[in-house]
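For the sequence shown, the positions run 7 to 121 when my numbering is used.
For every residue, glycine included, the Cβ atom is placed at its ideal position computed from N, Cα and C.
Just so it is clear, the structure is predicted and the values come from calculations on it, not from any experiment.
Written out below as structure tokens is the structure these notes cover.
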Amino acid sequence: MSDVKLTKDADALICALYKEYLQKRKDGKPKGEAKDLGGAEHIQQTIVPKWQLGDVEETLWELGRAGLLVCHPGDNTVYFAILADEGIIYMENRFRNGLSDVLGYIEKIKSILLW
């Protein structure tokens, strides 16, 4: 997975999704439950509310094509997305200090996330 190539939007979104995963784990959720990210609409509303839904959908599909997410289609959208084991490994290797490293990186790229 070290040769993963992502657009800036996809990079920003996987970081935000991984942050959510780490927060769920920190809050005591089991790994399987923490990996469940919800659908495109939920992700748009709760994680990147200033993104257009179509941009969220396309970026989720991109992350799926890269092997970082498992995306399930339904009603012409990403019905639900799961953080893949490969996605966790990629992010663990990228942010060795976990949540604090991810938060620091998100602070640097927050203009992409439009928070």
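- In this structure, the beta-carbon distance from L89 to L12 does not fall below 9 Å.
- Taking a cut-off of 8 Å for Cβ pairs, the stretch 104–113 and the stretch 65–85 do not touch, as fewer than three such pairs fall below it.
- G60 has its alpha-carbon roughly 17 Å from the corresponding atom of D17.
- Counting along the chain, V76 sits inside the beta strand (DSSP E) bounded by residues 75–80.
- Pairing K30 with K116, the inter-Cα distance amounts to about 21 Å.
- Taking the Cα of K114 as reference, the smallest distance to any Cα among D9, C21, V10 is reached at C21.
- Looking at the backbone, the Cα of P79 and that of G70 are separated by about 11 Å.
- Annotated as distal: K56 and L109, with beta-carbon spacing of 9 Å or more.
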